[in-house]
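At position 10 of the sequence shown (counting the first as 1) the number is 172 in my numbering, and the numbers step up by one without a gap. A virtual CB, placed ideally from N, CA and C, is assigned to each residue, including glycine. Take a look at the structure set out below.
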Amino acid sequence: MTSPAALGTVAVSILLLNLPFGFWSAGVRRFSRSWFVAVHAPVPPAIGLRFLVGVGWRLRLLPLFVGVYFAGQFLGGRARRLRGTRARSP
């Protein structure tokens, strides 16, 4: 069994990891290549962090980690909208 402190650490880390990617994805055209990368690039580090800490693939914890993943994306996008900037298109 994984300790609550470890779960909290992983959850906060995943949230923080996704903030800059959410910021990035909010500044590019939706469903573009850049958007796709911004949304999916943090997945491997998030999974690696789970295995590094020993959480693995516990099904009962999946809603927690999916929730903090999308919360990080949402909050990062919100930060961009509050700042009022757009990324330059390639």
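- Check the Cα spacing between Leu178 and each of Gly234, Arg245, Gly239, Arg242: the tightest is with Gly234.
- The shortest C-alpha to C-alpha distance from Arg240 to any of Ala167, Leu181, Ala173 is the one to Leu181.
- Counted as a single uninterrupted DSSP element, the stretch harbouring Gly189 is not any alpha helix (DSSP H), since DSSP gives it neither H nor E.
- Ranking Trp197, Phe232, Ala167, Trp186 by CA distance to the CA of Arg242 puts Trp186 first.
- Counting only runs that start and end inside the region 200-234, there is no beta strand (DSSP E) element of at least 3 residues.
- Burial check for Arg212: the Cβ neighbour count within 10 Å reaches 16 or more, so the residue is buried.
- Straight through space, the alpha carbons of Phe227 and Val172 are spaced by roughly 8 Å.
- Using a 10 angstroms sphere on the CB of Gly238, the tally of other CB atoms reaches 16 or more, which defines it as buried.
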